[in-house]
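Peer 1: Protein chains in written order, with the working numbering: chain R, 400 to 708; chain H, 400 to 708; chain E, 400 to 708; chain D, 400 to 708.
We put the CB at the ideal spot given by N, CA and C, even for glycine.
Note that the structure is predicted; figures quoted are calculated from it, not measured.
There are 4 protein chains.
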Amino acid sequence: MDYQAVIEEVAAHARPYAGQGQVADYIPALERVSADRFGIAVADIDGKVYGAGDWEVPFSVQSISKTFSLALVMAQGHSSHSGDDEIWRRVGREPSGTPFNSLVQLEAENGIPRNPFINAGALVVTDRLLTLTGDASTALLHFLREESGNPDLAFDQAVADSEADHGDRNAALAHFMASFGNLENPVPSVIEHYFWQCSIEMSCRDLAVAGGFLARHGLRADGSRLLEAREAKRINAVMLTCGTYDAAGEFAYRVGLPAKSGVGGGIVAVVPGRCTLCVWSPGLDARGNSVAGAAALDHFTTLTGWSVF
Amino acid sequence: MDYQAVIEEVAAHARPYAGQGQVADYIPALERVSADRFGIAVADIDGKVYGAGDWEVPFSVQSISKTFSLALVMAQGHSSHSGDDEIWRRVGREPSGTPFNSLVQLEAENGIPRNPFINAGALVVTDRLLTLTGDASTALLHFLREESGNPDLAFDQAVADSEADHGDRNAALAHFMASFGNLENPVPSVIEHYFWQCSIEMSCRDLAVAGGFLARHGLRADGSRLLEAREAKRINAVMLTCGTYDAAGEFAYRVGLPAKSGVGGGIVAVVPGRCTLCVWSPGLDARGNSVAGAAALDHFTTLTGWSVF
Amino acid sequence: MDYQAVIEEVAAHARPYAGQGQVADYIPALERVSADRFGIAVADIDGKVYGAGDWEVPFSVQSISKTFSLALVMAQGHSSHSGDDEIWRRVGREPSGTPFNSLVQLEAENGIPRNPFINAGALVVTDRLLTLTGDASTALLHFLREESGNPDLAFDQAVADSEADHGDRNAALAHFMASFGNLENPVPSVIEHYFWQCSIEMSCRDLAVAGGFLARHGLRADGSRLLEAREAKRINAVMLTCGTYDAAGEFAYRVGLPAKSGVGGGIVAVVPGRCTLCVWSPGLDARGNSVAGAAALDHFTTLTGWSVF
Amino acid sequence: MDYQAVIEEVAAHARPYAGQGQVADYIPALERVSADRFGIAVADIDGKVYGAGDWEVPFSVQSISKTFSLALVMAQGHSSHSGDDEIWRRVGREPSGTPFNSLVQLEAENGIPRNPFINAGALVVTDRLLTLTGDASTALLHFLREESGNPDLAFDQAVADSEADHGDRNAALAHFMASFGNLENPVPSVIEHYFWQCSIEMSCRDLAVAGGFLARHGLRADGSRLLEAREAKRINAVMLTCGTYDAAGEFAYRVGLPAKSGVGGGIVAVVPGRCTLCVWSPGLDARGNSVAGAAALDHFTTLTGWSVF
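#1: Beta-carbon within less than 8 Å of residue 658/E's beta-carbon, same chain only, minus the 5 sequence neighbours each way: which residues are those?
#2: Going by DSSP, what residues sit across from residue 443/H in a beta bridge?
#3: Would you list, in sequence order, the uninterrupted beta strand (DSSP E) runs of no fewer than 3 residues that lie entirely inside the stretch 594–625 of chain D?
#4: Using a Cβ-Cβ distance cut-off of 8 Å, determine whether residue 592/E contacts chain D.
#5: Throw me the rounded Cβ distance for the residue 507/H and residue 694/H pair, which I believe falls under 8 Å.
#6: Ordered along the chain, which non-local residues of its own chain (more than five positions away) have a Cβ less than 6 Å from that of residue 402/H?
#7: For residue 689/R, which residues from the same chain have a beta carbon less than 8 Å from its beta carbon, with the 5 sequence-adjacent residues on both sides left out?
#8: When DSSP labels each residue in this structure, what does residue 667/R get in the three-state scheme?
#9: Out of 624/R, 673/R and 558/R, which one is the CA nearest neighbour of residue 355/R?
#10: Please list the terminal residues of the continuous alpha helix (DSSP H) segment that includes residue 456/H.
#11: Do residue 563/H and residue 586/H have their beta-carbon atoms positioned less than 8 Å apart in this structure?
#12: So residue 632/E contacts chain H; which residues on that side make the cut at Cβ distance below 7 Å?
#13: Are the CB atoms of residue 491/R and residue 579/R nearer to each other than 8 Å?
#14: Identify whether residue 554/H lies in helix, strand or coil by the three-state DSSP scheme.
#15: Using a threshold of 7 Å, is the CB atom of residue 620/R nearer than that to any non-hydrogen atom of the ligand NAP?
#16: Could you spell out where the alpha helix (DSSP H) holding residue 578/E opens and where it closes?
#17: Run down chain D in chain order and give the residues with a C-beta less than 8 Å from the C-beta of residue 506/E.
#18: Note down, in chain order, every chain E residue with its Cβ under 7 Å from the Cβ of residue 574/D.
#19: Judging by CA-CA distance, which residue of 575/D, 552/D, 646/D and 581/D is the nearest neighbour of residue 685/D?
#20: Across the stretch 534–554 of chain R and the stretch 530–548 of chain H, are there enough close Cβ pairs to call them in contact, namely three or more that are closer than 8 Å?
#21: Just how far apart, CA to CA, sit residue 576/D and residue 656/D?
#22: Taking contact to mean at least 3 C-beta pairs separated by less than 8 Å, is the stretch 584–603 of chain E in contact with the stretch 528–535 of chain E?
#23: Excluding sequence positions up to five away, which residues of its chain have a Cβ less than 7 Å from the Cβ of residue 627/H?
#24: Beta carbons nearer than 7 Å to chain H: which residues of the stretch 575–590 of chain R have them?
#25: Is it right to say residue 411/H is buried, meaning 16 or more other beta carbons lie within 10 angstroms of its own, or is it exposed?
#26: Rounded to the nearest angstrom, how far is the Cβ of residue 662/R from that of residue 622/R, given a contact under 8 Å?
#27: Rounded to the nearest angstrom, what separates residue 404/E and residue 648/E at their Cα positions?
#28: For residue 477/E, is the classification buried or exposed, using 16 other Cβ atoms within 10 angstroms of its Cβ as the cut-off for buried?
#29: Assuming residue 522/R contacts residue 470/R (C-beta within less than 8 Å), just tell me the rounded distance between them.
#30: Is residue 499/R helix, strand or coil by DSSP?
#31: With DSSP collapsed to three states, give me the class of residue 705/D.
#32: Could you name the residues of chain E that residue 641/H contacts, counting a contact when the two beta carbons are closer than 9 Å?
#33: For the alpha helix (DSSP H) holding residue 547/H, just list the boundary residues, first then last.
#34: Skipping 5 residues on each side, what residues in its chain have a beta carbon closer than 7 Å to that of residue 456/R?
#35: Counting only Cβ-Cβ distances shorter than 9 Å, please list the residues of the stretch 660–675 of chain R near chain D, keeping chain order.
#36: Express the C-alpha separation of residue 416/H and residue 495/E in angstroms, rounding to a whole number.
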């Protein structure tokens, strides 16, 4: 497989879609990004990286951070007495079937979020990470620096502050779960760490490399084990069924790869046993997924035949 | 009408129900009340008061305060430029059809609570009162002292503190409405005033007298006008359709009077043009209304024929 | 009270609203009615009738029939062993809080409709009437002829047939309740009787007179008893809390009388102990209530002060 | 891969689970099946079949038929002008997030079922198949006989009749969709064909062989093309995200294969490019999936490492 040739063809196919859709505008720091950016990177399981377009330009990872927080909680669980099952008593694994920030489901299901990728579920994961590490956002940042090999990764304070200014919905979710006893730490602290996690800036390169363990069945680039094979497989399963907001079924149908998207326009996707990809273009469709990014992944699986199905 | 004879017969009928149901136990200060208390008071439109049983024992007014907050906002609206209609742009007048603290409805209706007596609606009323007065809970206390003629009315700090310890659900409601732009003041401030309002202690006597303006078509005991007749009628309409949590239809069917209940076991009811009643007994039915209190009101309308229907 | 003078002033006030709103157009037979019709009739408790405008023009009663079906089931219950309580085990008395033909509530509450005036509840009432009489629609027609004193009342076959052509939603409701065991008769039979009941044509005069027992605490015009006072009061309570679709709270707030509306543009309202009114104008507001009819009732209670509150 | 050895180990592992859970008892014909049955069959892509336990005992396919109806509609679409996209305008591809027979989602989404595997969606697929073939259930039976190579496959009339006796929920779904214009054929006809499809009896062997095209990227056993590779992939994607009622996320997490279950206790699963499996054991978990069947598939992917993730 000549990865470079493939991703250049994918980029040529997808770039016309850049500029379509709407750039997230609920916080000023996201709105400023130029809509016609497009980047793609692929990291194979041996750690070689290929890129095209704006693949080295940092962008706000937003919800993509949820995949890494979950992995870190599962990895941290190894050394705790509770194991990785603790988190699954407090958050489900089922697709949500309702908008990603819905309170309806929480009310019907006693404060247990349907999965770790809706906002409520990610707040529970952050809460758990805070308990396990004492500093959830810093722990995540260090983890991402290590996995990506990029020591310059940093929070974007303007983004974190902006999120906080528009944080009433997340505060409502957190207080609501707290009313069911499903938070271990004070609401303001959980919210704050959650926003910092979302504000991390990374490039397609950084994310494709950092997500390598998901294609390597849990192994780090250096061969050491981060997660059990079973655990890496399970994160991929949750990504495929829940990773792209309320479009997971459509995404599985079109692309057929585990993937996690963010409103910054990035999407990380995994071909288990082969490679991890990251695409980026800020224009979002009605469900919050990058238009050009989805087109790129669609074309990638068409060219390679590497859908999981 | 010999009020004293009637309420003594009502008391005799209802007292056996005292002790039935569950005393609210979500905060210690409520739980401590003896379940077999029962009191009833009637204030006629001339200001004469009749009582039986524990009618002079103070109890926690809880949600009954919502009726008076609403009246105060409507009265304050007279002197503002906005009039009493301002509040009705931010809260509806329809029965909720779902449990009183539900978030589902709020989500479906863009942060506008269905009515001012569900918790979300009462938070909006408190928020409005805070804007109009600068100190919502103190304004309400002074208003209740004046209307009841009892200068000793006070907050119960233990109750307010306990509520705050269990306040995540209300904080969730408030943040959720704030995310829709339906709060004017900071969430913690609104919540705090809301809890203080609920913590006020009053007896059946105090409440029957204080609610006299609802039977007098808006006139105070001294003949001065608090509300327009139209406004008093409208509060009664909201009480009848929304005043007893998710049992308003059942209450109208059995009793047929505008009424507002609280989880402290009190119920205020109005016979327009005739009198205001207050009954109290701490045991609550599954929907949060006093068992003996409802039995008393049922018997009262049977004896007098004074259902509005 | 000079009823004739009052209703002429009411008519003068309300007639400009005739033509506003939308005429129900889901079936051709309703759509054909001229939007600018307006009629009003009042029957006092002595049986005297006053009218203005198109008060003798027959129109399709539609959901107003639900009030009379309910009364007939309650009256029939007297002679059965079960009494009037049987029906209340199969249908609730609470406002619905959701659109009148909603399936959501039914699913959440095990096939028990919230009240007898939403379609699902009316189907249960029809089913019960079918069991009690063997022919629900004919029994209702005879009852209405007798109460109105108009032997010419008849079904409108075109309307009944049109309803049946658009009856999938009601068939869904009926089958859904049957799946919970809450129907006694076959679905097609219940549906058919339901449509025939709705298709009856009556004028404002007919309806005001026929509804006289609701103002006379259950007595017929000839002084014989149709319902216990308690039962008539209860129907009024259900009308006030549930009689005007999802606008019952608003209606209580503006008008303050028990009322039942239909998509044919009629509204029957009751002033207990005084009179029964019927207004008619085909233009409907967004919630399915006659625009000019509601304006007329609003003005009527303003003029007379006869709100129940 | 020694398939025979693997499935014997899987059978040894899973057989102790046979007898756990509840046998579907809503129709007598299903209830009669002995709970401790267990069978497993694997058909590799070359058409060789391996079996263990009760792998040749016919059972009621129930909802597994939905996968084949969908495939047949997609295949039939090739020869129609509309192509396979027609069906996707009338049914979605997203997990439902609510119980499989829910009306709530249908109401919120204008009569478009979330996916073809919930009952409402399967009724739309049956309706489409009826339009395309004139006889949906016979067309499906012939298709299954052909794909399984078993000319003796037949409907179980007792099951179809029993389903019809308990068919009010499905009739409600069908009438409800008809009220939104989302059915092309009369409700009773669609319902009847739907029940006949569910009543077909097949063994693990029959189903594993018949589902071979899903592992062969759309090719039949004889090498002729039934579906485009893209189409077969898409059915697998819908199976993985929606194939096991409200447990699809959990199933992906534990097993990681596209699968479709039925309340008869069967589950068909696909390892794309390798093989199709069928497991059967009648005891169901709370979500309607075979307890021993799920345990078997879990163990199968553990032994082989053939999860798609």
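Peer 2: Taking the coordinates as given:
#1: 638, 639, 642, 643, 650, 666, 667, 668, 669 and 696
#2: 674/H
#3: none
#4: no
#5: In fact, because the Cβ distance is near 35 Å, the residues do not count as touching under 8 Å.
#6: 441 and 449
#7: 420, 660, 664, 665, 666, 678, 679, 680, 681, 682 and 683
#8: strand
#9: The shown model of chain R, from 400 to 708, leaves out residue 355/R, and the question about it has no answer.
#10: No alpha helix (DSSP H) contains residue 456/H, which DSSP labels as neither H nor E.
#11: no
#12: 655, 706 and 708
#13: no
#14: strand
#15: In terms of ligand content, the structure shown is empty, and the ligand NAP therefore cannot be addressed.
#16: 567–578
#17: 501, 502 and 503
#18: 567, 570, 571 and 574
#19: 646/D
#20: no
#21: 31 Å
#22: yes
#23: 617
#24: 575, 577 and 578
#25: exposed
#26: Their Cβ separation, rounded to whole angstroms, is 35 Å, which puts residue 662/R and residue 622/R out of contact at 8 Å.
#27: 29 Å
#28: exposed
#29: Between residue 470/R and residue 522/R the Cβ distance is about 17 Å, and since that is not below 8 Å, they are no contact.
#30: Summary for residue 499/R: the model assigns pLDDT 49, below 50, so the residue's position carries little reliability; its value from the coordinates is reported in the next sentence. DSSP places residue 499/R in coil when its eight states are reduced to three.
#31: coil
#32: 494 and 648
#33: 535–547
#34: 436, 438 and 602
#35: 669 and 671
#36: 30 Å
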